[in-house]
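Right, one structure below, let's go through it.
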Amino acid sequence: GFCTRIITEIYSSPNWQQRLNAAIIKWQEKNPIVMRVLQAIVTIITIISAIVTIAGFVHQATIVSDKAAIRKEPSKAAPIVYTVTKNEIVTIISEERYWYQVEYVPLKFEDEDKKTVYRGYIAKRTTVKTIETKSTSAAEDDGLE
Numbered sequence: 002g003f004c005t006r007i008i009t010e011i012y013s014s015p016n017w018q019q020r021l022n023a024a025i026i027k028w029q030e031k032n033p034i035v036m037r038v039l040q041a042i043v044t045i046i047t048i049i050s051a052i053v054t055i056a057g058f059v060h061q062a063t064i065v066s067d068k069a070a071i072r073k074e075p076s077k078a079a080p081i082v083y084t085v086t087k088n089e090i091v092t093i094i095s096e097e098r099y100w101y102q103v104e105y106v107p108l109k110f111e112d113e114d115k116k117t118v119y120r121g122y123i124a125k126r127t128t129v130k131t132i133e134t135k136s137t138s139a140a141e142d143d144g145l146e
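Shown next as structure tokens:
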């Protein structure tokens, strides 16, 4: 196979690092698409880990109304994506004036394959913001009405 050939080539030569680089370059030329996909994956992983590090904490909101609608747009007229009930927890992605952009995963789906993630907007007044922090900083006061 490909790997054994590279390993044999490496060990049979004293300048193995140069040989390895040459082998990688040769392989890149033969498989440019695979190489691009690998580079894209590495880039995505790097970006994600950077975002996670920057965030460092998860903003969550607990539903305080009996029912709250997750809507497609930040508007009362927007179609409802999903309805959450009191004490359920949503993850806040971002916020706009009177709305949170949220993600919600129903708990009844323990089955990973069937897991659905609902994304949309929820009215701030139907929720109470909670913060799970990795560090020990105090939860910020968002002036909840």
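For the sequence shown, our numbering assigns the number 2 to the initial residue and increments by one for each residue that follows.
Ideal placement from N, C-alpha and C gives every residue a C-beta, glycine not left out.
*Residue closest to Thr131, alpha-carbon to alpha-carbon, out of Thr117, Pro80, Tyr101 and Val106*: Taking the first residue of the sequence shown as 1, we reach residue 131 at position 130. It is Tyr101.
_Cβ shell of Leu145 (< 6 Å), same chain only, five flanking positions each side left out_ = Residue mapping note: residue 145 aligns to position 144 of the sequence shown, counting from 1. Low confidence applies to Leu145: its pLDDT is 43, below 50, so where it sits in the model is not reliable, and the reading given next is rough at best. Once the five neighbours on either side are set aside, Leu145 has no close Cβ partner at all.
*Buried or exposed for Asp142, please, with buried defined as at least 16 other CB atoms from any protein chain shown within 10 angstroms of its CB.*
Along the sequence shown, one-based indexing puts residue 142 at 141. Confidence at Asp142 is low in this model, with a pLDDT of 42, below 50, so the placement of that residue should be treated as unreliable; the coordinate-derived value is given next. Classification for Asp142: exposed.
_Pair within 8 Å by beta-carbon distance, Val82 and Lys73_ = Translated into the one-based positions of the sequence shown, residue 82 becomes position 81. Translated into the one-based positions of the sequence shown, residue 73 becomes position 72. Going by C-beta atoms, Val82 is nearer than 8 Å to Lys73.
*Three-way DSSP call (helix, strand, coil) for Arg37 in this model*: For the purposes of this step, residue 37 is identified with residue 36 of the sequence shown, where counting begins at 1. Of the three classes helix, strand and coil, the one that applies to Arg37 here is helix, per DSSP.
_Sequence-distant residues of its chain with Cβ nearer than 8 Å to Glu104 (five each side left out)_ = The count along the sequence shown starts at 1 and reaches residue 104 at position 103. These residues qualify, in order along the chain: Val91, Thr92, Ile94, Val118, Tyr119 and Arg120.
*Can you give the beta carbon distance from Pro75 to Glu97, rounded, assuming they're within the 8 Å contact cut?*
Position 74 of the sequence shown, counting from 1, holds the residue named residue 75. Position 96 of the sequence shown, counting from 1, holds the residue named residue 97. Right, the Cβ-Cβ distance comes to about 5 Å (below 8 Å), so this counts as a contact.
*Out of Val65, Lys116 and Met36, point me to the one whose CA is closest to Ala124's CA.*
Position 123 of the sequence shown, counting from 1, holds the residue named residue 124. Closest by alpha carbon: Val65.
*For the beta strand (DSSP E) that contains Ala1, what are its first and last residues?*
The first residue shown for the chain is 2 and the last is 146, placing residue 1 beyond what the model contains.
_Terminal residues of the beta strand (DSSP E) in which Ser66 lies_ = For the purposes of this step, residue 66 is taken as the residue at position 65 of the sequence shown. That residue, Ser66, is in no beta strand (DSSP E); it is neither H nor E in DSSP.
*Assign Ile71 to one of two classes, buried (16 or more other C-beta atoms within 10 Å of its C-beta) or exposed (fewer than that).*
Within the sequence shown, numbered from 1, the residue matching residue 71 stands at position 70. That one is buried.
*Does DSSP put Thr84 in a helix, a strand or coil?*
On the sequence shown, position 83 is the one that residue 84 refers to. DSSP places Thr84 in strand when its eight states are reduced to three.
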